[in-house]
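Trainee: Quick note, in UniProt numbering, the sequence shown goes up one by one and the last residue is 952.
Each residue gets a CB set at the ideal place from its N, CA and C atoms; glycine is no exception.
Before anything else, here's the structure in question.
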Amino acid sequence: MTGLFLALGDGKAFYNPCPLSERPFPLFPISYPFGLASWILDSLRFLSFIFLWLFWSDGREEEELANTFFELNATDNLLDGDLNTYTMSVSDSPFVRVQLNASTEIRRLDITLFLETGITYKVSVKQSEYTSMESETCRKFTYSDRLGSKKTVTVTCNPPLQGKWIEIVASGYQDITLKVFEFERFECSDGTYGENCSNICSDGCNKQCDKDTGDCICYRGEKCEERCPGNCLSCDQNDFECKRCVDKWYGVNCELNCSSNCGGNGSCDIKTGNCNVCLTGYFGSKCNQRCSENCDSSNICDQSTGFCQSCKADVECMECKNNLYYGKTCDLTCNTACINKTCDITGYCKEGCEDAYLDAVRSKCGIYHGMDARVINIYKMDTAFLVLVLQLLYILNIPQANTFFQLNATDNLLDGDLNTYTMSVNDSPFVRSQLNASTEIRRLDITLFQETGITYKVSVKQSEYTSMESEICRKFTYSDRLSSKKTVTVTCNPPLQGKWIEIVASGSQDITLKVFEFERFECSDGTYGENCSNICSDGCNKQCDKDTGDCICKNGRWGQFCKQTCPLFCSKNECNSNTGNCYSCTAGYYGLQCDNECSFGCQKSCNMTSGSCLCKPGYYRSNCSLKCSSNCLDGECYQERGICSACNNGSYGDFCDLKCFGDCNYDKCHKGTGICGSCVKEKGEKCEERCPDNCLFCDQNDLECKRCVDKWYGVNCELNCFSNCGGNGSCDIKTGNCNMCLTGYFGSKCNQRCSENCDSSNICDQSTGFCHSCKAGMYGPKCSEYCNSHCRNSTCSSNRPCAFGCEDGWFGSQCNYKCSVAILNCKQCDSKVTQDNVPVCRQCADRWYLSGTNCLNCPENCSFCLSDVECMECKNNLYYGKTCDLTCNTACINKTCDITGYCKEGCEDGKYGGKCDQDCVEHCIIWHNSTNSLECEAGYFGESCQMCLKKC
Numbered sequence: 001m002t003g004l005f006l007a008l009g010d011g012k013a014f015y016n017p018c019p020l021s022e023r024p025f026p027l028f029p030i031s032y033p034f035g036l037a038s039w040i041l042d043s044l045r046f047l048s049f050i051f052l053w054l055f056w057s058d059g060r061e062e063e064e065l066a067n068t069f070f071e072l073n074a075t076d077n078l079l080d081g082d083l084n085t086y087t088m089s090v091s092d093s094p095f096v097r098v099q100l101n102a103s104t105e106i107r108r109l110d111i112t113l114f115l116e117t118g119i120t121y122k123v124s125v126k127q128s129e130y131t132s133m134e135s136e137t138c139r140k141f142t143y144s145d146r147l148g149s150k151k152t153v154t155v156t157c158n159p160p161l162q163g164k165w166i167e168i169v170a171s172g173y174q175d176i177t178l179k180v181f182e183f184e185r186f187e188c189s190d191g192t193y194g195e196n197c198s199n200i201c202s203d204g205c206n207k208q209c210d211k212d213t214g215d216c217i218c219y220r221g222e223k224c225e226e227r228c229p230g231n232c233l234s235c236d237q238n239d240f241e242c243k244r245c246v247d248k249w250y251g252v253n254c255e256l257n258c259s260s261n262c263g264g265n266g267s268c269d270i271k272t273g274n275c276n277v278c279l280t281g282y283f284g285s286k287c288n289q290r291c292s293e294n295c296d297s298s299n300i301c302d303q304s305t306g307f308c309q310s311c312k313a314d315v316e317c318m319e320c321k322n323n324l325y326y327g328k329t330c331d332l333t334c335n336t337a338c339i340n341k342t343c344d345i346t347g348y349c350k351e352g353c354e355d356a357y358l359d360a361v362r363s364k365c366g367i368y369h370g371m372d373a374r375v376i377n378i379y380k381m382d383t384a385f386l387v388l389v390l391q392l393l394y395i396l397n398i399p400q401a402n403t404f405f406q407l408n409a410t411d412n413l414l415d416g417d418l419n420t421y422t423m424s425v426n427d428s429p430f431v432r433s434q435l436n437a438s439t440e441i442r443r444l445d446i447t448l449f450q451e452t453g454i455t456y457k458v459s460v461k462q463s464e465y466t467s468m469e470s471e472i473c474r475k476f477t478y479s480d481r482l483s484s485k486k487t488v489t490v491t492c493n494p495p496l497q498g499k500w501i502e503i504v505a506s507g508s509q510d511i512t513l514k515v516f517e518f519e520r521f522e523c524s525d526g527t528y529g530e531n532c533s534n535i536c537s538d539g540c541n542k543q544c545d546k547d548t549g550d551c552i553c554k555n556g557r558w559g560q561f562c563k564q565t566c567p568l569f570c571s572k573n574e575c576n577s578n579t580g581n582c583y584s585c586t587a588g589y590y591g592l593q594c595d596n597e598c599s600f601g602c603q604k605s606c607n608m609t610s611g612s613c614l615c616k617p618g619y620y621r622s623n624c625s626l627k628c629s630s631n632c633l634d635g636e637c638y639q640e641r642g643i644c645s646a647c648n649n650g651s652y653g654d655f656c657d658l659k660c661f662g663d664c665n666y667d668k669c670h671k672g673t674g675i676c677g678s679c680v681k682e683k684g685e686k687c688e689e690r691c692p693d694n695c696l697f698c699d700q701n702d703l704e705c706k707r708c709v710d711k712w713y714g715v716n717c718e719l720n721c722f723s724n725c726g727g728n729g730s731c732d733i734k735t736g737n738c739n740m741c742l743t744g745y746f747g748s749k750c751n752q753r754c755s756e757n758c759d760s761s762n763i764c765d766q767s768t769g770f771c772h773s774c775k776a777g778m779y780g781p782k783c784s785e786y787c788n789s790h791c792r793n794s795t796c797s798s799n800r801p802c803a804f805g806c807e808d809g810w811f812g813s814q815c816n817y818k819c820s821v822a823i824l825n826c827k828q829c830d831s832k833v834t835q836d837n838v839p840v841c842r843q844c845a846d847r848w849y850l851s852g853t854n855c856l857n858c859p860e861n862c863s864f865c866l867s868d869v870e871c872m873e874c875k876n877n878l879y880y881g882k883t884c885d886l887t888c889n890t891a892c893i894n895k896t897c898d899i900t901g902y903c904k905e906g907c908e909d910g911k912y913g914g915k916c917d918q919d920c921v922e923h924c925i926i927w928h929n930s931t932n933s934l935e936c937e938a939g940y941f942g943e944s945c946q947m948c949l950k951k952c
């Protein structure tokens, strides 16, 4: 019983599960009963089916979506929406951790994982990757079923937890295997609440209600009749505390600004003001610290620790993130043919290659091995042509392995050859085959020699040497009279997961168990039905049930086999896969099918059931279909009846349709009565009486002035302000105290002069008389004290520290300590001190040199040196040499020379040369500065001072 596995040109595969004797059409015309023409016709039908498969499969790949609720890290196995990919950890306390792209509030999580008996699992939502706190634990639970199994567990965080990392840790015994397939988070869509999201929020709620209790989170009060504070999106129904703020605000009433470096939309924690996420390049709870300049070009670091996510390109990586990349800087992606798409830093696929790709030899899974080497180069050609090539290879009898398993082709039981076998003779003989990976088995075809009366037990096992009742797939007894070689199909219900397939025979003594082949055939992905002749609907998400064709619908599809599309205005193109009703509507629409348009006056969206909404400014009614009166201030009115919240100047009444009485100040009057709140320059209910002289504005009902002309004050503005009042000479209308003083004065009446030591502008504080700044050399509140004489530029600040540092040789904030007090023989030091309260020396005294932070003695005869081996000047010019260890020539005048030994002042009589070390010839006259030229005594001449001739 052999199936044909066809490798298609784009890397996809189609498997024909029919045995050769049962296929509806053969793959080659040898012995075809209806002739060559019929064979060609059937082959064309076969090719058409292949193209239909390709078309369907391509469409599926384009429309696949990741776990759309998270959409935070689709490259991670744990957030890719695929319940078959997984991340595994083996340890005494293994953990699996996934990073979200942004800090997120988690109320409920669905975790798909393989649960093991007796193991305790702890689920946490964390702000930092490497730290753990008890307060971050969402839930702990222990699995107590007898059999380990793959399950989806729902965990609820109460209270909800905020974090950027989700972590699950297993504990209970040694060498635990933790295998996690997916993290998913689902909650009610906006406008619904309750256990099954079957309840709709009240019409009185503003946009949204609590998704568990249904409590309004919009207005406050029993009937939600009072608005929340200005920047508050939702507040507690029975008190003033906000529960959710507009982005960039926080606090009890959302009255405080979040840090300017908060990222995302600028949002932060409503209670602490801590940023939910930082702008690129910042970290810390308030995002007020900069990431290291050596973080990669995007300058991203961990928000809690400041650790760089990755370093600049010139830094060589030692290990790549999640083993999904390779190269010196982890800039290359592992080959998608690597198992789990993982590799080491060289690109080597450590876990091996996906089916149909070479692994160990080619290392990076680059070569397709489902075909003969002769068609490797044809592999990228036209698909239909490739199918014909594969048929030709089949005609040529090129051997193929058991292509469905491809797990251990060296084993006789998995080599696709029904003539090779494995045999065992015993009272209870067994044959066991190991797969390369743990595999889910639904159905097996076993070819074996069956003996009459013998019972056969087939098991799928996780461990080679242990057997459990739950691992038995099927038992059957052969009852035919004649023993024979047959292929038996066994079905595992439920399906079993394991790495070992075992068959055991029992029933008599010395049984011979001869097994030829283990094979597993089922419909290839995308087909279903008894003969796999049906194609899954293109509306299915990834795959359909291979028996019934039922499937989970793609986003945007619903109905039986997912053949119908969701209504046009469903939010995110999502609807109920059974009814087609939208979960929520695109902004601007409402109704079960989102086929009704919200009123123009609605803010963004309206209630999905009733169409009621929160109105834009200028509209009212439950559905915001009517405009407010044009006389309403800013065109705004209350939503229920359209009553104006305030009137434009000059009008009053509920709808601001009446005119104010009299000459009202700023044209404003009481909204209910029309009476002026204040008059322009009159008094009386209708502003018909004039105010006193010098009075700009007076009380409407008595004689008291409220505002005077500049330079006047008093009940009737009858008194003059003080002459030193500044500005326009104005003062307090009741006390006469100046609002501000003329330059150089202070006091309530501005009758006191500022200190003459205030700076050149002579400005001091109006209340205290303290100088804003002092003249050079002075300090103190009123600049009455002198700065230390050793302050540079004689300048110090108001609390006495020197503003520009110290003169040479002094240090300390007030320059009151000599450098030599702290560092012996130090001539000049920094005015600021180190953490040990010691200044740093910059220059040593004469005959000392700087070594590190200390002054060391120069060589003995040195008066100035750079080190103990290099003098710059010798003591009294009596010595020379690098360390002044040589004495100047005694023939040098005053016995002095420079550091090279050169006699700067010349030589004593009888000597010449740079170092006065050469003797003059007899009869020469020596000048003190003589070096190269000579002068002879009278009667002698020449360089040798020869005697002149007698007649000369």
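1. Just list the beta strand (DSSP E) runs in the stretch 871-923, keeping only unbroken ones of 3 residues or longer that don't cross its boundaries, in chain order.
2. Quick one: any contact between the stretch 527-544 and the stretch 456-471, if contact means 3 or more CB pairs under 8 angstroms?
3. Take residue 289 and list the residues in its own chain whose beta-carbon comes closer than 6 angstroms to its own, dropping the five residues that flank it on each side.
4. Within 10 angstroms of its Cβ, does residue 386 collect 16 or more other Cβ (buried), or is it exposed?
5. Out of 775, 412 and 746, point me to the one whose CA is closest to residue 760's CA.
6. Can you look up residue 562 in the DSSP assignment and give me helix, strand or coil?
7. Using the C-alpha atoms, what's the distance from residue 139 back to residue 83?
8. Using the three-state DSSP reduction, which class does residue 147 fall into: helix, strand or coil?
9. So, does the stretch 411-422 touch the stretch 510-520, judging by three or more C-beta pairs under 8 angstroms?
10. Pull the bridge partners of residue 88 from the DSSP assignment, please.
11. Could you give the residue range of the alpha helix (DSSP H) that holds residue 819?
12. Could you check which residue in 133, 552 and 624 has the C-alpha nearest to that of residue 640?
13. Starting from residue 134, follow the beta strand (DSSP E) in both directions and report where the run begins and ends.
14. Return helix, strand or coil for residue 682, following the three-state DSSP convention.
15. Using beta carbons (cut-off 8 angstroms, strictly below), is residue 516 in contact with chain B?
16. Helix, strand or coil for residue 592? Go by DSSP, reduced to three states.
17. Could you spell out the range, first to last residue, of the beta strand (DSSP E) harbouring residue 766?
18. So, with DSSP's three-state summary, where would you put residue 794?
19. For the beta strand (DSSP E) holding residue 646, just list the boundary residues, first then last.
20. Ends of the beta strand (DSSP E) at residue 99?
21. Closer than 6 angstroms by C-beta to residue 726: which residues in its own chain qualify, once you throw out the five before and the five after it? Chain order, please.
22. Can you give me the Cβ contacts of residue 937 inside the same chain, cut-off strictly under 8 angstroms, excluding the 5 residues immediately before and after it?
23. What does DSSP give as the partner residue(s) for residue 123 in the beta ladder?
24. State the Cα-Cα distance for the pair residue 905 and residue 861, rounded to the nearest angstrom.
25. How many angstroms separate the CA atom of residue 253 from the CA atom of residue 818?
26. Given that a residue counts as buried once 16 or more other Cβ atoms are within 10 Å of its Cβ, and exposed if not, what is residue 542?
27. Suppose you measure from the CA of residue 695 to the CA of residue 647; what does that come to, to the nearest Å?
28. With contact counted as at least three CB pairs below 8 angstroms, one residue from each stretch, are the stretch 627-640 and the stretch 604-617 in contact?
29. Going by alpha carbons, who is nearest to residue 874 out of 90, 902 and 439?
30. What does a CB cutoff of less than 7 angstroms around residue 895 pick up in its chain, not counting 5 residues either side in sequence?
31. Are the CB atoms of residue 577 and residue 562 nearer to each other than 8 angstroms?
32. Have a look at residue 227 and residue 189 and give me their C-alpha separation to the nearest angstrom.
33. Please name the residue in 768, 661, 592 and 758 whose C-alpha comes closest to that of residue 777.
34. Rounding to the nearest angstrom, what Cα-Cα distance links residue 170 and residue 230 in this structure?
35. Per DSSP, which residues does residue 778 bridge with? Please list them.
36. Would you decide whether residue 520 is buried or exposed? Buried here means 16 or more other CB atoms lie within 10 Å of its CB.
Mentor: Reading off the structure:
1. Uninterrupted beta strand (DSSP E) stretches at least 3 residues long and entirely within the stretch 871-923 do not occur.
2. They do not touch, by the three-pair rule.
3. For the purposes of this step, residue 289 is taken as the residue at position 289 of the sequence shown. Same-chain partners within the cutoff: 283.
4. As a position in the sequence shown, residue 386 is number 386, starting the count at 1. Caution is warranted here: a pLDDT of 40 is assigned to residue 386, below 50, making its placement in the model unreliable, and the coordinate value is therefore given only provisionally. Burial call: buried.
5. Here residue 760 is taken as the residue at index 760 of the sequence shown, counted from 1. Residue 775 is the option with its Cα nearest to residue 760.
6. The residue given as residue 562 occupies position 562 in the sequence shown. Look at residue 562 here: in three-state DSSP terms it is helix.
7. Counted from its first residue, the sequence shown places residue 83 at position 83. Counted from its first residue, the sequence shown places residue 139 at position 139. Computed Cα separation, rounded: 22 angstroms.
8. Position 147 of the sequence shown, counted from the start, is the residue given in the question as residue 147. Residue 147 falls in the coil class under three-state DSSP.
9. A contact is defined here as three or more CB-CB pairs under 8 angstroms, and the stretch 411-422 meets this definition with respect to the stretch 510-520.
10. Translated into positions along the sequence shown, residue 88 becomes position 88. Its beta-bridge partners are 179.
11. For the purposes of this step, residue 819 is taken as the residue at position 819 of the sequence shown. Where residue 819 is concerned, the enclosing alpha helix (DSSP H) stretches over 819-822.
12. Locating residue 640 in the sequence shown gives position 640, counting from the first residue. Nearest of 133, 552 and 624 to residue 640, Cα basis: 624.
13. Your numbering for residue 134 matches position 134 in the sequence shown. For residue 134, no beta strand (DSSP E) segment is defined, and its DSSP state is neither H nor E.
14. As a position in the sequence shown, residue 682 is number 682, starting the count at 1. Strand at residue 682.
15. Within the model displayed, chain B is absent; a lone protein chain is all it includes.
16. Mapped onto the sequence shown, residue 592 falls at position 592. The answer is coil: DSSP assigns residue 592 none of H, G, I, E or B.
17. By one-based count along the sequence shown, residue 766 stands at place 766. Note, residue 766: premise wrong, no beta strand (DSSP E); not H, not E.
18. If you number the sequence shown from 1, residue 794 lands on position 794. Three-state DSSP puts residue 794 in a helix.
19. For the purposes of this step, residue 646 is taken as residue 646 along the sequence shown, with counting starting at 1. Neither: residue 646 is in no beta strand (DSSP E) and is coded neither H nor E.
20. Against the sequence shown, residue 99 aligns to sequence position 99. Segment 95-115, the beta strand (DSSP E) holding residue 99.
21. Here residue 726 refers to the residue found at position 726 of the sequence shown. Closer than 6 angstroms at the Cβ level, and outside the excluded window around residue 726, lie 740, 741 and 742.
22. The residue you call residue 937 lines up with position 937 of the sequence shown. Sequence-distant Cβ neighbours of residue 937 in its own chain, meaning closer than 8 angstroms and more than five residues away, are 923, 924, 925 and 945.
23. For this step, residue 123 is matched to residue 123 along the sequence shown. Looking at the DSSP assignment, residue 123 forms a beta bridge with 139 and 168.
24. For the purposes of this step, residue 905 is taken as the residue at position 905 of the sequence shown. For the purposes of this step, residue 861 is taken as the residue at position 861 of the sequence shown. Between residue 905 and residue 861, the C-alpha separation is close to 20 angstroms.
25. As a first step, residue 253 must be located in the sequence shown, where it is residue number 253. As a first step, residue 818 must be located in the sequence shown, where it is residue number 818. Distance between residue 253 and residue 818, taken at the CA atoms: about 57 angstroms.
26. Walking along the sequence shown from the start, residue 542 turns up at place 542. It is buried - the Cβ of residue 542 has at least 16 other Cβ atoms within 10 Å.
27. As a first step, residue 695 is located in the sequence shown; it is residue number 695 there, counting from the start. As a first step, residue 647 is located in the sequence shown; it is residue number 647 there, counting from the start. Distance from the CA atom of residue 695 to the CA atom of residue 647, rounded to whole angstroms, is 29 angstroms.
28. Counting Cβ pairs under 8 angstroms, three or more are found: they touch.
29. On the sequence shown, position 874 is the one that residue 874 refers to. The shortest Cα separation from residue 874 among 90, 902 and 439 belongs to 902.
30. Position 895 of the sequence shown, counted from the start, is the residue given in the question as residue 895. Cβ within range, chain order: 878 and 888.
31. Locating residue 577 in the sequence shown gives position 577, where the first residue counts as 1. Locating residue 562 in the sequence shown gives position 562, where the first residue counts as 1. Using a Cβ distance threshold of 8 angstroms, residue 577 and residue 562 count as a contacting pair.
32. Taking the sequence shown and counting its residues from 1, one reaches residue 227 at position 227. Taking the sequence shown and counting its residues from 1, one reaches residue 189 at position 189. Roughly 24 angstroms separates the two Cα atoms.
33. One-based indexing of the sequence shown puts residue 777 at position 777. Among 768, 661, 592 and 758, the Cα nearest to that of residue 777 is on 758.
34. Within the sequence shown, residue 170 is the residue found at index 170, counting from 1. Within the sequence shown, residue 230 is the residue found at index 230, counting from 1. Taking the CA atoms as reference points, residue 170 sits about 47 angstroms from residue 230.
35. In the sequence shown, residue 778 corresponds to position 778, counting from 1. According to DSSP, which records beta bridges pairwise, residue 778 is partnered with 786.
36. In the sequence shown, residue 520 corresponds to position 520, counting from 1. Buried, by the Cβ-count rule.
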